[in-house]
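Asks: Residue 64 is where the sequence shown starts when you use our numbering, and the numbers rise one by one after that.
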Amino acid sequence: MVAFNLFILKTPRLFLGTNNYLEIHNYNKVISMVERVKTGIPGLDEILNGGIPKRNVVLLSGGPGTGKSIFSYQYLWNGLKQGEPAVFVALEEHPVQVRINMSQFGWDIRPYEREGVFAIVDAFTSGIGEAAKKERYVVTDPEDVGLLVDVLKQAIRDTGAVRVAVDSVSTLYLAKPALARRTVMLLKRVLSGLGTTSILVSQVSVTERGFGGPGVEHAADGIIRLDLDEVDGELVRSMIVWKMRGTRHSMKRHPFEITDKGIIVYPEKVVRIGRAFRVEPV
Ligand SMILES: Nc1ncnc2c1ncn2[C@@H]1O[C@H](COP(=O)(O)OP(=O)(O)OP(=O)(O)O)[C@@H](O)[C@H]1O
Ligand SMILES: [Mg+2]
64 MVAFNLFILK
74 TPRLFLGTNN
84 YLEIHNYNKV
94 ISMVERVKTG
104 IPGLDEILNG
114 GIPKRNVVLL
124 SGGPGTGKSI
134 FSYQYLWNGL
144 KQGEPAVFVA
154 LEEHPVQVRI
164 NMSQFGWDIR
174 PYEREGVFAI
184 VDAFTSGIGE
194 AAKKERYVVT
204 DPEDVGLLVD
214 VLKQAIRDTG
224 AVRVAVDSVS
234 TLYLAKPALA
244 RRTVMLLKRV
254 LSGLGTTSIL
264 VSQVSVTERG
274 FGGPGVEHAA
284 DGIIRLDLDE
294 VDGELVRSMI
304 VWKMRGTRHS
314 MKRHPFEITD
324 KGIIVYPEKV
334 VRIGRAFRVE
344 PV
């Protein structure tokens with residue numbers, strides 16, 4: 064990994080690493096480089112100006128069925144393919160189901176688990192059931208965020224994870240919204256502190272315009288929102304990057320698709336939401 068802070072250069076340059084996309088901004092001739100983690104999701108890195116700035120904790124919010132879990136799987140899988148270990152925290156689904164879901168897109172994570180570079184933290188089963196007994200990282204009381212963080216830290220250290228996805232953080236504070244900000248800040252300190260670049264899935268209701276509540280929205284370094292809207296009797300998927308600390312990004316709402324190979328974003332197209340919905344060239 065390249066180490067750097069601030070450099071003074073005469074001309075801005077672009078560096079392309081093997082795993083990360085590095086960029087130099089020219090501010091009064093003091094050049095700062097942003098190390099990025101490429102999501103590898105077709106079209107998304109373009110609208111993020113190269114990828115997610117390293118160590119950012121990104122809130123991925125959206126209603127039911129908008130593609131949050133698939134996005135998370137794809138983000139981790141793309142990292143694994145280029146040698147970046149990863150951890151998935153399963154709070155919504157059984158780890159066995161997560162493996163099945165991923166394999167449906169051709170993402171077979173089992174060899175990576177055996178190799179010790181991918182881990183699922185089971186914060187779903189509480190260790191109940193035969194299948195759960197085979198899991199290595201089990202949070203016996205998913206209500207206990209402190210315990211979850213301990214298991215997560217262990218999984219990150221064991222695998223050397225660079226990417227983490229938590230699906231979903233909303234589950235952690237559904238019954239106690241007052242703890243939302245504290246929970247997200249705790250996760251952020253741990254995830255960022257251990258050097259990972261992470262996705263926190265945030266569930267919002269179909270009609271909700273926000274991203275998961277003021278506490279978590281401000282705590283997160285980035286917010287990507289996935290939407291599903293009815294246009295002429297058909298559901299259209301779109302994505303908007305609401306904020307991303309440390310980088311310039313597209314301010315447009317872009318259409319995307321879910322295919323058998325995962326998510327494809329169309330950076331050259333924009334979805335306009337108003338009385339009439341239209342998808343048209345930018
Ligand atoms: N192979 C596929 N091809 C096309 N679309 C698919 C495919 N598999 C799943 N989908 C779409 O993805 C949706 C599920 O996506 P996903 O599970 O990521 O949603 P989610 O945002 O995590 O929802 P929830 O909040 O309910 O967990 C399905 O409702 C379906 O529309
Ligand atoms: Mg989901």
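C-beta: ideal position from N, C-alpha, C; glycine also.
#1: Under a three-way DSSP split, which group does G285 fall into?
#2: Is it right to say T246 is buried, meaning 16 or more other beta carbons lie within 10 angstroms of its own, or is it exposed?
#3: If you reduce the DSSP assignment to three classes, tell me which class F134 lands in.
#4: Give me, in chain order, the residues of the same chain whose beta-carbon lies closer than 8 Å to that of I326; leave out the 5 immediate sequence neighbours on both sides.
#5: Quick check on DSSP: helix, strand or coil for I87?
#6: Where does D185 land, buried or exposed, given buried means 16+ other C-beta within 10 angstroms?
#7: Considering Q145, what are the terminal residues of the beta strand (DSSP E) in which it resides?
#8: With 16 other CB atoms within 10 Å as the buried threshold, where does K251 fall?
#9: Measure how close the beta-carbons of V232 and V264 come, nearest whole angstrom, since I'm counting them as under 8 Å.
#10: Check whether the stretch 260 to 274 touches the stretch 113 to 123, counting contact only when three or more Cβ pairs, one atom from each stretch, lie closer than 8 Å.
#11: Assuming contact is defined by CB atoms lying nearer than 9 Å, are I110 and P330 in contact in what I supplied?
#12: Is V161 near ligand 3, judged by its Cβ being under 8 Å from some heavy atom?
Replies: Taking the coordinates as given:
#1: On the sequence shown, position 222 is the one that residue 285 refers to. Looking at G285 - three-state DSSP - the assignment turns out to be strand.
#2: The count along the sequence shown starts at 1 and reaches residue 246 at position 183. It counts as buried.
#3: The residue you call residue 134 lines up with position 71 of the sequence shown. Reduced to three states, the DSSP call for F134 is helix.
#4: Translated into the one-based positions of the sequence shown, residue 326 becomes position 263. Closer than 8 Å at the Cβ level, and outside the excluded window around I326, lie I104, P105, L107, G130, I133, F134, Q137, F319 and E320.
#5: One-based indexing of the sequence shown puts residue 87 at position 24. Because I87 carries a pLDDT of 49, less than 50, the predicted location of this residue cannot be relied on, and the following value inherits that uncertainty. Residue state, collapsed to three classes: strand.
#6: Position 122 of the sequence shown, counted from the first residue, corresponds to residue 185. Result: buried.
#7: Residue mapping note: residue 145 aligns to position 82 of the sequence shown, counting from 1. That residue, Q145, is in no beta strand (DSSP E); it is neither H nor E in DSSP.
#8: On the sequence shown, residue 251 is found 188 positions in, with the first residue counted as 1. Classification for K251: buried.
#9: Start at 1 with the first residue of the sequence shown, and residue 232 comes out as number 169. Start at 1 with the first residue of the sequence shown, and residue 264 comes out as number 201. Between V264 and V232 the Cβ distance is about 7 Å, and since that is below 8 Å, they are a contact.
#10: Short answer: they touch.
#11: For this step, residue 110 is matched to residue 47 along the sequence shown. For this step, residue 330 is matched to residue 267 along the sequence shown. Contact: yes.
#12: Of the ligands one can find in the structure shown, namely ligand 1 and ligand 2, none is ligand 3.
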